[in-house]
Each structure stands twice: as C-alpha cells, then as structure tokens.
Amino acid sequence: MKNTISERVADFLKNYPPFNLLQKKELLTLSEQVSILYQEKNSFIFTDGEDPHTSFYIVHKGAIALHKASKRNANKSEIIDICDEGDIFGIRPLWVKENYKLEAIAHEESIIYAIPIAAFKPYAQNNENVGNFLLESFASNTANPYSKRHKGNLYTSNYSENITPEVKLLDLQPVTYSKKLISCLETTPVNELAELMNKKRIGSIVILKEGLPIGIVTDKDLRTKIVTGQYPITTPASKIMSSPVITYPKNMTVTQAQMAMMKSSISHICLTEDGTVNTKVVGIVSKHDIMVSLGDNPAVLVKAIKRTTKHKQIKVIRKSIMNLLQGYLDENIPIGLTAKIISELNDACIKQVIEISLKKMTTPPPTNFAWMAIGSQGRSEQLLHTDQDNFLVFEDVAEDVLPKTTNYFLKLAKHVTKGLNTIGYEYCPAEMMASNPKWCLSLQEWKNMVSHWIINPGPDEVLMSSIFFDYSLSYGDKNLVDQLSEHIFTTTKKYPLFLLHLTKGALQNPSPSGFFRSFLVEQDGQNKDFFDIKSRALMPLVDAARVLILSHSVKSISNTWERYEKLAELEPNNSEIYLACSYATKALLKFRTKQGLLHRDSGRYIALDKLSKEEKIKLKRTFKTVKEIQELISIRYNVANLLG
Amino acid sequence: MWFNKNKNTPQKSIHEIRFVVLDTETTGFSFYKDRILCIGALSIQNNSIAVRNTFEVYVNQNIYNKETAKIHGILKNSKKELLEEKEALLQFLDYLGDAIIIAHHAMFDIQMLNHALERQGLPELKNEYIDTSHLYKKTLLKSNLLIKKKQYSLDELAEKFSISKEDRHTALGDAYITAIAFLKIVALLKQKKEVTLKLLLK
Chain L
78 MKNTISERVA
88 DFLKNYPPFN
98 LLQKKELLTL
108 SEQVSILYQE
118 KNSFIFTDGE
128 DPHTSFYIVH
138 KGAIALHKAS
148 KRNANKSEII
158 DICDEGDIFG
168 IRPLWVKENY
178 KLEAIAHEES
188 IIYAIPIAAF
198 KPYAQNNENV
208 GNFLLESFAS
218 NTANPYSKRH
228 KGNLYTSNYS
238 ENITPEVKLL
248 DLQPVTYSKK
258 LISCLETTPV
268 NELAELMNKK
278 RIGSIVILKE
288 GLPIGIVTDK
298 DLRTKIVTGQ
308 YPITTPASKI
318 MSSPVITYPK
328 NMTVTQAQMA
338 MMKSSISHIC
348 LTEDGTVNTK
358 VVGIVSKHDI
368 MVSLGDNPAV
378 LVKAIKRTTK
388 HKQIKVIRKS
398 IMNLLQGYLD
408 ENIPIGLTAK
418 IISELNDACI
428 KQVIEISLKK
438 MTTPPPTNFA
448 WMAIGSQGRS
458 EQLLHTDQDN
468 FLVFEDVAED
478 VLPKTTNYFL
488 KLAKHVTKGL
498 NTIGYEYCPA
508 EMMASNPKWC
518 LSLQEWKNMV
528 SHWIINPGPD
538 EVLMSSIFFD
548 YSLSYGDKNL
558 VDQLSEHIFT
568 TTKKYPLFLL
578 HLTKGALQNP
588 SPSGFFRSFL
598 VEQDGQNKDF
608 FDIKSRALMP
618 LVDAARVLIL
628 SHSVKSISNT
638 WERYEKLAEL
648 EPNNSEIYLA
658 CSYATKALLK
668 FRTKQGLLHR
678 DSGRYIALDK
688 LSKEEKIKLK
698 RTFKTVKEIQ
708 ELISIRYNVA
718 NLLG
Chain G
953 MWFNKNKNTP
963 QKSIHEIRFV
973 VLDTETTGFS
983 FYKDRILCIG
993 ALSIQNNSIA
1003 VRNTFEVYVN
1013 QNIYNKETAK
1023 IHGILKNSKK
1033 ELLEEKEALL
1043 QFLDYLGDAI
1053 IIAHHAMFDI
1063 QMLNHALERQ
1073 GLPELKNEYI
1083 DTSHLYKKTL
1093 LKSNLLIKKK
1103 QYSLDELAEK
1113 FSISKEDRHT
1123 ALGDAYITAI
1133 AFLKIVALLK
1143 QKKEVTLKLL
1153 LK
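Chains as they are written, first to last, in the working numbering: chain L, 78 to 721; chain G, 953 to 1154.
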C-alpha cells in the first residue's frame, strides 16, 4: 500500500547505496515493508551473540555505535564504528545466518529503518550492481576510521580481534582535504589572488594551466616575495609560485601526508587523481588539515571552527573537542586549565554559530547587542554538552522602533538557538533562551526586570536571579554587559534584603550526606538510587560563591572557583575555607565530567556502586567543605531570622 | 462493533501497549457543518512503526471548502480513490481496535470522528487518548515566572524536536510528526520519572 510515509522512506533511501541502484518502483515496494524504529539514547538494537533479526538497519537520524566487548576489561567495550545518517548496519549476520558478533547501541537519540532481509534479498540476487556492492563491502572488512571515507559501505561484524584500539588507528585514516578546490591561473595578478584567498579564508592556492597543477602559492610566498617589495602586487601568479608542485594520490593516509611534508619540508600537498602532475587536482592538504584530523591542538580547532560556514560543520568539530577533553582528563591535566580550554573552544563554537546566523539575516543588526550565556555555561563550568541557557540584550532604541528591533533580534535568536541545537546543545526545558520573547530585551527592559527581581525577592525571583546572575558575554558589545552589572550592584546595595533571600535560596539544596555520613541518593524516577552530584554537591558551592561575590560587587568573574580565589584575596581571614571551596568545586566538576564522558550524558547522576573506595572517599571529603561554606553564609547573612 | 477492552492495560509496560496515532483533514472547524476528508493513522508498538501497517483513506463528501483546501491540498475532484463516509469509518474502527489514541489537539479529531460516527448511526469512540499538545507541557520546567504558552502547535513541536515538516498538512504526514514527537516526549519524561500509562493519560 503506497502512502505518504512509504514515499518519504523511499525518498530517503534513494540517496544511499545500495538503494540508489534500485528502480523507483522497486524502492517504493521495498519501502512499504520498512519499520521505523525510535531508539532512545543508549538503548540496544542488538547484542553480542544474539540470534539474527529478520531485518537489517539503516540510520535515518542520529547515530548508532557498534561496540565490541573488550577482552581485557569486561566492563568496557570498544567502539568499532559509528554509523551516521544513511549508513547500513547488521546486514552480514543475516546474510550468512550467523549470530551478531557486535552490539549496536544508540549513540544518540536515533530513528532507524528496519528493512526485512527477505524483502531485500531478491534485489541483491537479481541486480548485479547491488550484489557487487554487498560483496565488496563484506570483503573490505570495514573497521573503524577507514570507513569514514567509504560512506555507504556496509558495516560488517567481520572484525578481527587483532586490531589495536581505535585511537592508534587514526594515523591510518585517509587524509581529509577540502574538495572544493580554490585555484587560479598562472596569469592571475597576485593582488586578485590574495583577495580570493582572503575571501575563502585559505592559506594556499593552486595555480592551474589547462586544468593541470603547475604551482602553488602560499601565505609565505606572499610574505617573502610581495610584502618585501621584491615584486609589485600586480605580478602574475606564475612569477611567485612554488613550482613544480609536489603531488600525491588522493587516498594517502594522515601519516603518509605528514611524512611527505617532513621529507620535502613543505606545508602543503597537492592531491591529484593518480598522484602525478598529469591528472586533475582533487584537493590540497595543509599542515593545518593534518593537525585537525589528529585533533589534539586547541588552536587548530579554533581555526577550524572559524572556517566553518554551516552549523553542521561545527558539530563535527565538537566531536574532536570531546576527544581532546577525554585526553586531558586521561593525562590528568589540572581541571582548571582543562575547563578553560574547553570553554574557550565551546565559546568559539557559539560565536561561530552566531556569525553564521547573522549571515542568514537579510540586514545587519539595527543596533548593538550582546549574546549572553547564563548558568553553567556562563560560569565556564560546562565541559559536556548540556542544555543551552542564554539571553540577548540590545542597546536602547527610540520607543517607536522598539517592536521592530525586538523582532529582528528574536528572529536572529531563533536562528542561533536552532544552530546551537544542531551542534549539540539541547533546548532549555524552561525556555530560558534568547528566542523566548521574555529573554530578548533592550538594556532598559533588562534593568527593569532585574530590579523587579531584586526588590521583590520571592522564591521564583531568587531562582531566576541565581541562574541569571552568572552571565558571561558570548558575543557582541561588552559595554552593554558592564552597564547591566553596574545596575545590579547599585540595586542590590539599595536593597540589602535581597542578598539574604539569595542566601536562603543557596541553602535550599538537599544535603549530600545523611546523619551517618552515608550518601543520600535519589528516591524516584529513572535516577532512583543514584547520587545527584549536581544539586547535592556542586550547586551549594556555586550558589554560595554567587552570594558572596555579589556582596563584594566584583564584576566579570562568573566562574565559581575563580570567585572563591578572589574571595580568598578579599577576605584573608577566611582564605582557608575559600580555597578549600575552590578546590572542592574543581574536584567535583572533574568527577562529574569523567562520569559524563563514561556514560555519554551530563554526568549528573552517579551510580555509587560503580565507584571505587578511593573515589568515594574523595567525594565525601568535598562534602565537609560544602557544609562549612553553607554555615558561613547562613551566619553571615543571618538567615535564621528570615526562616524563623 | 465490539472489542475486548483490556482491563489490565495500566499495568502493561508502555512498550507492549498499542498506540494509534491519528490525524484528520477536514473542511473546517465546525463539528456540525464540516466534514472529514481524510483520515491518516499509524500504530506504535515497542517504539516501532510498521510502514505497511499504516492507515490512510480519503472520504467522499458533498461539502467542500475552498479556504481549507489551501491548507490540506485535497481537491474536490482529485484522482484519489474515495470511500463513502460509512465505509471509511468502519475501516478505521477496525484498524483502531482497542488501541490508545494519540493525536495533537486530540479532542478535535475525536469529536470530529464522533460526530461522523453519530451521523452514520455508529457508536462513538470509547478509546482512551493522549494529547501530545498537553503531554509536551509536562517536559517543561515549572516556574511561575516563565509564562508557559497555553497551546503548542504541531509546527512548534516539529521545530523543537527537529522533525521534518515536509508532509505537514497531510493526515498521515501529521500523524507521523505527532508519533515521533510522542516518542521523544516519552524519552524526555523518562529522565525525570518512571513513565507509566497512567502518567501519560493524566
């Protein structure tokens, strides 16, 4: 029965091999047999040793990870492959009638199509191309990184035990290069060439003659030959290019490319169809590209982020950021430094999302604005992907153009929040986002709002303030932020009662440990019997730091441990406890991040029975500090009076 | 028309329950004057939607409204095979069985169907139902300062959950968007507490 949904399924399948080899009619018939499965994050599609299902799978949205249980460590499994949109998995076992040798787990929330093997088999048998495709993929023994270059290949369970963990294999990964080749002719004047390089933000350009590469011009050539005055800026490219070009075949690996660069001490390699200068150029690999694919250098990642033109491209880079984070934690790099670097990178992503969104607007912004991160992002304590919390403030405008201005920024904010969602930030469930008309206001409107919270500190207002007051600038006009901070300080000075209410709010988080110093765990829901590290340990420290720093009117420090370090400086007699707090915050954040990376979630809920004795002791040690700082603010702001 | 209403339903895990997600395209919003032009439905069981087991019928009606045709694009003399209203309803009841209905702004579709059933001398629907527009609000945090919208449109849900709106305003297309939104909402709710049928129906 042909219907709207089967048509949509066929529409999707036709883009991916081997389905692109089928006739339209065949595809429609096949699509009617498909089941659409929704997979929650971390749910299993099949497990190791399970009997083959009646269907194989193709990823429609999301990502499915194929794991192989590790022989060395029973609790740990290695990711063999991650299947993205359009990738097929779990077909070989059905074909050869074996049990699954891998397990397939939803790496993120996914929608997959289950295609019955019985319905598909006739096509593979009758259509030579389809059959060949399958044979080829079974034979190619597709294992992890290599398959990235072979989009659409089948991921088989034909995986050999001897393969070393994936990280090392990275070296054998084919180099990635930009396929949109930027080139010019030997006669092109150097000033035009430089403009083109500028526009495309590239550091090198290939010089073609009759379609074949004859030379390459890099930033260095411009610097040494033009800027020095050796040649005028109208010189044709052929005069300053490095020639001949050193060419390699396009399927070289990262390591080969590195070796080649070292060997000829060059920073760019030209890739051609067959590796000689006599065939068409397919791309250029730069040292920069190589460093990005190795993914171990923040500066390079920042550069890569700045070059993106689409939100989706940033998503890919964020995966490298996560690898970097894992690396830092494994190497035991101080968490303060780690957090700084990772936040810088996250910031760069957000900035780029805004840049790209601005380009989507038909006109430039009507006035200055600032995009602000709030909550954990504002405090630079967000290492893992979490919710996006943000707001937008724009310069005051005349009343008659206010609605129009607001509309402009709301529209911009919609693009930005959507982009942030694309790169991995979930929407805020409380709608605390600049795309919400209540969180996209002019400076004066924000001042009024904040004054309202400070003057009428009910529980909701205090909660709002505690999220809002940890803001930091992501993008735009710093001046606006300073004015807002100034306003908050003068208003809190006028209404000291507010601090008392804020303190009360800070003391409302549940206690981390019970009477006998046992952990208190959650009572209900999915996280029953888990320890909530965020609300029971981290938040009390974060909240206390906010109250204290606000009472000292210190602006533009929103990070919690930096706040404690500043407080230690401002109140030398309490420096011991403040430094302990600073340490505890870092320790807890590290704990949370490690847990989060392990389980690919926010790391908020911790399974206590999975912790080692040592880890438990470490965790408990921070609780003492939590209790002490809570006592300190409770006494200082005399909360007892309010509660009584 | 009779069916066994399973009295044990609330104890079943929500994976075992059969849900039927439905949407109707109509000539307008009046339960009395307007008529159903198309019924689209699909069933979810164990987080899975079988494409061949979906339901889509176009209904022959004398009433036609040029204005709403602009939305759903169903032409008066389209080439699609049309069923008489009674036949369409009987086929639909057979498909629905004792499943739990899911729809966006469910009351509208259910009322529309009930009025049609009444016209044809058939008993009204007794199935329990879940309204995704209502259910979605449970995923949002509660705070008095954050003004929740009263209504969330299917478009807004599709945007929130990045679901393609390509087949928007076809009955089965809307049912599909609703179904995916439903599955995503349940996954979100699960993070907070155990999701039982009772919670979904509340």
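No residue lacks a Cβ here, since even glycine has one placed at the ideal position from N, Cα and C.
Only a predicted model underlies this, so the values are computations on that prediction, with no experimental measurement involved.
Residue-level contact by beta carbon holds for Y115 of chain L and chain G, with a gap shorter than 8 angstroms.
Taking 8 angstroms as the upper bound on Cβ-Cβ separation, chain G lies near no residue of the segment 666-697 of chain L.
Straight across, the Cα-Cα distance linking I1062 of chain G with Y1128 of chain G is about 17 angstroms. Neighbourhood of G1125 of chain G in chain L, by CB distance below 9 angstroms: T81, I82 and R85, in chain order.
Per the Cβ contact rule, the segment 987-1003 of chain G is not in contact with the segment 1083-1092 of chain G (fewer than 3 Cβ pairs under 8 angstroms). In the structure shown, A511 of chain L adopts coil according to DSSP, grouped into three states. Minimum Cα-Cα distance from G553 of chain L among the listed residues L:N203, L:A450, L:Y682 and L:V207 corresponds to L:A450. DSSP places K145 of chain L within a strand segment (E or B) once states are collapsed to three. For K697 of chain L, the enclosing alpha helix (DSSP H) has its first and last residue at K690 to R713.
For V111 of chain L, the chain G residues whose C-beta falls within less than 7 angstroms of its own C-beta are V1003, listed in chain order.
For a Cβ distance threshold of 9 angstroms, residue set V1003 of chain G lies close to S108 of chain L, ordered along the chain. Judged by pairs of C-beta atoms under 8 angstroms, the segment 165-183 of chain L touches the segment 129-141 of chain L, as three or more such pairs exist. At the C-beta level, E263 of chain L and K286 of chain L come within 8 angstroms of one another. Along the segment 507-521 of chain L, going in chain order, the ones with a CB nearer than 9 angstroms to a CB of chain G are A507, E508, M509, N513 and K515. Under the Cβ criterion of 8 angstroms, N467 of chain L is not counted among the residues facing chain G.
In terms of Cβ geometry, I710 of chain L and T580 of chain L form a close pair [threshold 8 angstroms]. Judged by beta-carbon spacing, I141 of chain L lies within the 8 angstroms limit of A183 of chain L, meaning their Cβ atoms are closer than that value. Cβ proximity to chain G below 8 angstroms picks out E186, I188 and A191 from the segment 168-198 of chain L. Looking at the backbone, the Cα of N1066 of chain G and that of G980 of chain G are separated by about 15 angstroms. D1083 of chain G has G:A1055 as its beta-bridge partners, per DSSP.
Residue contact with chain G for N498 of chain L: present (Cβ-Cβ distance below 8 angstroms to some residue of chain G).
Nearest to T463 of chain L by alpha-carbon distance, out of L:G680, L:L211, L:I706 and L:I694, is L:G680.
For A381 of chain L, the enclosing alpha helix (DSSP H) covers residues P375 to R384. A contact between stretches requires three or more CB pairs, one per stretch, nearer than 8 angstroms, and the segment 373-381 of chain L fails this requirement with the segment 475-486 of chain L. The distance from the Cβ of G455 of chain L to that of S549 of chain L is about 5 angstroms, consistent with a contact at the 8 angstroms cut-off. Scanning the segment 394-455 of chain L for uninterrupted alpha helix (DSSP H) segments of 4 residues or longer gives 412-437 and 452-455, listed from N- to C-terminal end.
Y134 of chain L is outside the set of residues whose beta carbon lies under 8 angstroms from a beta carbon in chain G.
Residues of chain G with a Cβ closer than 8 angstroms to the Cβ of Y504 of chain L are, in chain order, K1112. Inter-segment contact for the segment 962-972 of chain G and the segment 1035-1052 of chain G is present: three or more beta-carbon pairs are separated by less than 8 angstroms. The C-alpha of E692 of chain L is placed about 53 angstroms away from the C-alpha of A196 of chain L. Taking C-beta separations shorter than 8 angstroms and ignoring five residues to either side along the sequence, the partners of Q1043 of chain G in its chain run F1007, V1009 and L1035, following chain order.
For S1000 of chain G, the residues of chain L that pass the 9 angstroms Cβ criterion are S112, I113, L114, Y115 and A191, in the order they occur in the chain. Approximately 21 angstroms separates the beta-carbon atoms of W523 of chain L and L497 of chain L; this is outside 8 angstroms, ruling out the contact. Taken in chain order, the complete alpha helix (DSSP H) segments of 4 residues or longer contained in the segment 1004-1029 of chain G are 1018-1024. Rounded to whole angstroms, the gap between the alpha carbons of K1022 of chain G and R1071 of chain G is 27 angstroms. Around E458 of chain L, the same chain offers A416, N636, T637 and L666 as residues with beta carbons nearer than 7 angstroms, after the five sequence neighbours per side are excluded.
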